[in-house]
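Numbering (this note's numbering), first residue to last: 312 to 714. Yeah, the Cβ is synthetic: ideal placement off N, Cα and C, and Gly gets one too.
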Ligand SMILES: *Cc1c(COP(=O)(O)O)cnc(C)c1O
């Protein structure tokens, strides 16, 4: 078959801030993907925790088709039915009272950090502006969010950077106790550090963050962009710990593959944004909201969420079985279907090599930093897909330990 569109066009025409695989996926259904050559892959990546209901889900297609026939975009001089329905549903199912919609995770965090600063300014004055974040965290790629993120390699080349941002070691209760003060306006944390290595926060750590934020009148922001919408077996991960934030950000899986982001807040914080304080052209557009409504409806059912937990155990079982045979991982961790496998000393820095070999064997997987293999498959991935995926992973591991 002659492909008129070629992979090398990426190198020729696109800004090289990614290094995509050397094949081009063109069709996908459920947890299977096919490339230009008709080669099939099992998908353990889920578009990086985005395709929460798998590819080309029929119910999402129907929701999108219905909205497509009616109205695509109207702008913020008007509201629209899908976005009202989505806001109501997110409020009714979480700690939050109000929602702001945008198009991505970074924008959701940008809104969260901006509203935290404005809330503190309005209420306490301009001395209260410090934002505390954690090492290895990831919060997006705008200048503000990349600076708040705890990976200096992503921000240092873009200086001068936003000020009054502090990074502390993750899961370190003493460090936050020593640092937080009257000047702190917000603490932002991922309940499970995602991009930075799939590292769950200790429940005790999150509880202390809540207590300290209350004590110092700082806002607690949970970045649930990766952990939200059923990913950990709960609609949002905070439910399991029983610690509610003041602000929560959501994106990735919320649209099931259609771009949308959301910032969820409590009432008194929402009031810091008045007409003119913040905005977006596309945020809350009817197409995205229509799809997200269907995603939330399908995911937020106890049976569906129990299915995520079952799949968690199945993934862990098959992973540890493989690891007994190949001894490549020092730790298997994560919750629900956000899973990480840390490579042993001998294979440090080789996670990308492993996913490259896996792709050759017909398995799409992710990394989380240079040493961690990460899975974030569709939350409804089928047993046959899991089995085939692991048998392909086994072929990949066999080659990986030899090479
Ligand atoms: C992916 C991610 C973001 C950024 O989301 P974008 O949609 O890429 O802007 C922020 N925080 C976390 C925890 C993420 O996983």
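Under the three-pair Cβ rule at 8 Å, the stretch 356 to 371 counts as touching the stretch 337 to 344. If one requires a minimum length of 3 residues, the beta strand (DSSP E) runs lying completely within the stretch 482 to 538 are 495 to 500, 530 to 534, in chain order. When the five nearest sequence neighbours on each side are left out, the beta carbons in the same chain lying within less than 8 Å of the beta carbon of residue 513 are those of 482, in order along the chain.
Contact between residue 374 and residue 605 holds: their C-beta atoms lie close to 4 Å from each other, under 8 Å. Residue 712 and residue 388 have their C-alpha atoms roughly 59 Å apart. For the set 697, 592, 602, the Cα lying nearest the Cα of residue 385 is the one of 592.
In terms of CA proximity to residue 330, 322 leads the group 337, 671, 322. With a contact defined as Cβ atoms closer than 8 Å, residue 521 and residue 554 qualify at about 5 Å. Remark: the C-beta of residue 599 is outside contact range of ligand 1, defined as less than 7 Å to any heavy atom.
With the rule of 3 Cβ pairs closer than 8 Å, the stretch 460 to 472 does not count as touching the stretch 429 to 442. In this structure, residue 565 and residue 558 do not form a Cβ contact; the two beta carbons are roughly 16 Å apart against a cut-off of 8 Å. A Cβ-Cβ distance of about 14 Å is found for the pair residue 630 and residue 662, leaving them out of contact under the 8 Å criterion. The beta carbon of residue 484 sits closer than 8 Å to the beta carbons of 515, 516, 519 from its chain, once the five residues preceding and following it are set aside; these are given in chain order. The stretch 454 to 461 and the stretch 612 to 623 do not touch, with fewer than three beta-carbon pairs separated by less than 8 Å. Setting aside the 5 residues that flank it on each side, residue 480 is surrounded in the same chain by 445, 446, 486, each with a C-beta closer than 8 Å to its C-beta; the list follows chain order. In this structure the stretch 682 to 690 does not lie against the stretch 376 to 384, because fewer than three pairs of beta carbons, one per stretch, are closer than 8 Å. When distances are taken from the beta-carbon of residue 449 to the heavy atoms of ligand 1, the shortest one is below 7 Å. A Cβ-Cβ separation of about 6 Å places residue 609 in contact with residue 370 under the 8 Å criterion.
For the stretch 323 to 396, the full-length beta strand (DSSP E) segments reaching 3 residues or more read 336 to 340, 343 to 346, 351 to 354 along the chain. Around the beta carbon of residue 563, 16 or more other beta carbons lie within 10 angstroms, which makes this residue buried.
Where residue 666 is concerned, the enclosing alpha helix (DSSP H) starts and stops at 662 to 671. Along the length of the stretch 606 to 649, whole beta strand (DSSP E) runs at least 3 residues long occupy 640 to 646, reported in chain order. The stretch 542 to 585 is shown to contain whole beta strand (DSSP E) runs of 3 or more residues at 558 to 561, 572 to 576, in chain order. Around the CB of residue 327, fewer than 16 other CB atoms lie within 10 Å, so the residue is classed as exposed. Counting C-beta atoms within 10 angstroms of its own C-beta, residue 535 has 16 or more neighbours from the protein chains shown and is therefore classed as buried. Looking at 542, 497, 686, the one whose alpha-carbon comes closest to that of residue 523 is 497. Within the same chain, and ignoring the five residues on either side of residue 624 in sequence, no residue has its Cβ closer than 8 Å to its Cβ.
Residues of the same chain with a CB within less than 7 Å of the CB of residue 596, apart from the 5 flanking positions on each side, are 384 in chain order. Shortest gap from the CB of residue 349 to any heavy atom of ligand 1: 7 Å or more. Set against 7 Å, the gap from the CB of residue 417 to the closest heavy atom of ligand 1 is smaller. Counting along the chain, the unbroken alpha helix (DSSP H) around residue 706 starts and ends at 694 to 713. Excluding five sequence positions before and after residue 681, the CB atoms of its chain that fall closer than 6 Å to its own CB belong to 660, 662, given in chain order. Distances from the alpha-carbon of residue 544 to those of 601, 455, 451, 646 put 646 closest. A direct Cα-to-Cα measurement between residue 399 and residue 450 gives close to 26 Å.
Annotation: the stretch 393 to 433 contains no complete segment of the alpha helix (DSSP H) (minimum length 4 residues). Here the alpha carbons of residue 621 and residue 704 stand approximately 20 Å from one another.
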